[in-house]
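**Q** My questions all concern the structure below.
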Amino acid sequence: MANIFRSSNPVLKEKVFAGQIATGSTMTVQGTVNKTGILLLCVVATAAWTWGLAHSEQPEAAFPWMMGGLIGGLITCLVTIFKKEWSPLSAPIYALFEGLVLGGISAIFERSYPGIAVQSVALTFGVLFVLLMAYKTGLIRATRGLVLGIVCATGAIALVYAVNMLMGVFGSGGMSFLYASTPLGIGISIFVVIIAALNLILDFDFIEQGALRGAPKYMEWYAAFGLMVTLIWLYLEIIRLLSKLRDRR
Numbered sequence: 099m100a101n102i103f104r105s106s107n108p109v110l111k112e113k114v115f116a117g118q119i120a121t122g123s124t125m126t127v128q129g130t131v132n133k134t135g136i137l138l139l140c141v142v143a144t145a146a147w148t149w150g151l152a153h154s155e156q157p158e159a160a161f162p163w164m165m166g167g168l169i170g171g172l173i174t175c176l177v178t179i180f181k182k183e184w185s186p187l188s189a190p191i192y193a194l195f196e197g198l199v200l201g202g203i204s205a206i207f208e209r210s211y212p213g214i215a216v217q218s219v220a221l222t223f224g225v226l227f228v229l230l231m232a233y234k235t236g237l238i239r240a241t242r243g244l245v246l247g248i249v250c251a252t253g254a255i256a257l258v259y260a261v262n263m264l265m266g267v268f269g270s271g272g273m274s275f276l277y278a279s280t281p282l283g284i285g286i287s288i289f290v291v292i293i294a295a296l297n298l299i300l301d302f303d304f305i306e307q308g309a310l311r312g313a314p315k316y317m318e319w320y321a322a323f324g325l326m327v328t329l330i331w332l333y334l335e336i337i338r339l340l341s342k343l344r345d346r347r
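My numbering numbers the first residue of the sequence shown as 99 and each following residue consecutively.
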């Protein structure tokens, strides 16, 4: 079990449950699903705000909200990771902050590629539904080999993104092929989307095993928060992939 119960999502790790002892109600799968739904509503609510600002007569008004959401989201993400028992409060706040960022980013892409935001949302939830069905039917399981492959691939992606960011900070322009609409750039985006999607399988397993272990009730919020991290990453990668494909037309 110890070898299988791992996730490449940095907030969903087996050690999260170390020392977690439930003294009352315990974590359930349905409870986690309900919490995830609440977090999604939080994201949609604030995303609608920056989306509206970006489509107003003064679209630049959305940028301060986006920056605030970016900074606030990072802070609340770290707080939630290190203070899991605060997740019933910090997870919804994180979702609200991330919604500000996603709404603005979606509007920016939408302006250049009409209809892309709806397509990306539909594909994100489509992938979520398909992989959930595949997991529930046993078609895909979080085996040791699958976990190892996804963890390594996710780590490599994170490293490349970090190096690219540092290159941009120091004025070298970064790795242009990551954003190019060339066959290589599209291939890289497809690979990243696949890895982001497969992380959902590991997140499902984390939630199921947490419920079986009788984790404290507040871990439902923490698990929902971890699932949101994966979904947000998947959505951003999908919208970027679709933009590259549009450029190739």
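In this text, a Cβ means the ideal position worked out from N, Cα and C, and glycines have one as well.
Three or more beta-carbon pairs under 8 Å between the segment 174-184 and the segment 208-223, yes or no?
**A** No, because fewer than three Cβ pairs between the segment 174-184 and the segment 208-223 fall closer than 8 Å, the two stretches do not touch.
**Q** So the candidates are 303, 128 and 153; which of them puts its Cα closest to the Cα of residue 233?
**A** Residue 303 is the option with its Cα nearest to residue 233.
**Q** Which value, in whole angstroms, describes the spacing of the CA atoms of residue 314 and residue 256?
**A** One C-alpha to the other measures close to 31 Å.
**Q** Helix, strand or coil: which one does DSSP assign to residue 212?
**A** The answer is coil: DSSP assigns residue 212 none of H, G, I, E or B.
**Q** Runs of 4 residues minimum, wholly inside the segment 209-264: which ones carry the alpha helix (DSSP H) assignment?
**A** DSSP runs (the alpha helix (DSSP H)) wholly in the segment 209-264: 214-234.
**Q** Please decide whether residue 343 counts as near chain C, where near means a Cβ-Cβ distance under 9 Å.
**A** Any reference to chain C falls outside this structure, which holds one protein chain only.
**Q** Between which residues of its own chain and residue 266 is the CB-CB distance below 8 Å, once the five residues before and five after are set aside?
**A** Around residue 266: 272.
**Q** By Cβ distance below 6 Å, which residues in the same chain neighbour residue 151 in space, the five residues on each side in sequence not counted?
**A** Closer than 6 Å at the Cβ level, and outside the excluded window around residue 151, lie 159 and 160.
**Q** Classify residue 293: buried if its beta carbon has 16 or more other beta carbons within 10 angstroms, exposed otherwise.
**A** By the 10 Å Cβ count, residue 293 comes out buried.
**Q** Can you tell me the Cβ-Cβ gap for residue 148 and residue 194, rounded? I've got them flagged as a contact below 8 Å.
**A** Rounded, the Cβ-Cβ distance is 11 Å, inconsistent with contact.
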